[in-house]
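Structure first, then comments.
Residue numbers (the UniProt record's numbering): 1 to 115.
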């Protein structure tokens with residue numbers, strides 16, 4: 001999953017929920033269900049997610065939304081299997097390569113049309 005997030009130290013829950021295409025309530029729910037999600041909170045209680053939290057949310061999203069795991073299944077997979085991290089990283093790289101190839105294809109098509 002390609003996230004459209006700028007490089008920052010902290011992200012608000014609104015930015016995170018928009019990037020993942022889910023409601024903020026789902027992000028808060030996952031925070032309760034998965035102890036690896038530990039956003040910082042200010043005095044008002046606003047959550048601020050670190051890049052590490054985003055990485056963990058990506059893994060949870062991949063397991064629950066893309067692979068169809070139950071929350072219990074995802075929790076077990078997170079605690080027992082390090083290959084999930086590698087899989088998510090490979091998927092990210094593949095998405096990047098795909099987007100670059102599509103850009104190249106479009107530029108070649110544009111060039112052919114101009115000739």
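Cβ atoms here follow ideal geometry from the backbone N, Cα and C, with glycine treated the same way.
How many Å lie between residue i and residue j at the Cα?
i	j	result
residue 98	residue 104	10 Å
residue 27	residue 77	19 Å
residue 108	residue 32	48 Å
residue 80	residue 6	31 Å
residue 9	residue 18	17 Å
residue 101	residue 14	31 Å
residue 59	residue 41	22 Å
residue 116	residue 106	In the structure displayed, the chain extends from 1 to 115; residue 116 sits before or after that span and is not available.
residue 12	residue 51	11 Å
residue 61	residue 29	12 Å
residue 53	residue 110	40 Å
residue 3	residue 96	11 Å
residue 68	residue 21	16 Å
residue 89	residue 115	40 Å
Go ahead and pull the three-state DSSP assignment for residue i.
i	result
residue 20	helix
residue 40	strand
residue 34	coil
residue 11	strand
residue 69	coil
Leaving aside the five residues before and after residue i along the sequence, list all residues of the same chain whose C-beta is less than 6 Å from its C-beta, in chain order.
i	result
residue 36	56
residue 120	Look at the range of the chain in this structure, 1 to 115, and you will see that residue 120 is not part of it.
Using only the heavy atoms of the ligand MN, determine whether one of them is closer than 7 Å to the beta carbon of residue i.
i	result
residue 46	The ligand content of the structure shown is nil, which means the ligand MN is not present either.
Within a Cβ cutoff of 8 Å, which residues of the same chain sit near residue i, ignoring the five residues on either side of it in sequence?
i	result
residue 39	13, 31, 47, 48, 49, 50 and 53
Point to revise | At least three beta-carbon pairs within less than 8 Å, the segment 41-56 to the segment 68-77 | key: The segment 68-77 and the segment 41-56 do not touch, with fewer than three beta-carbon pairs separated by less than 8 Å.
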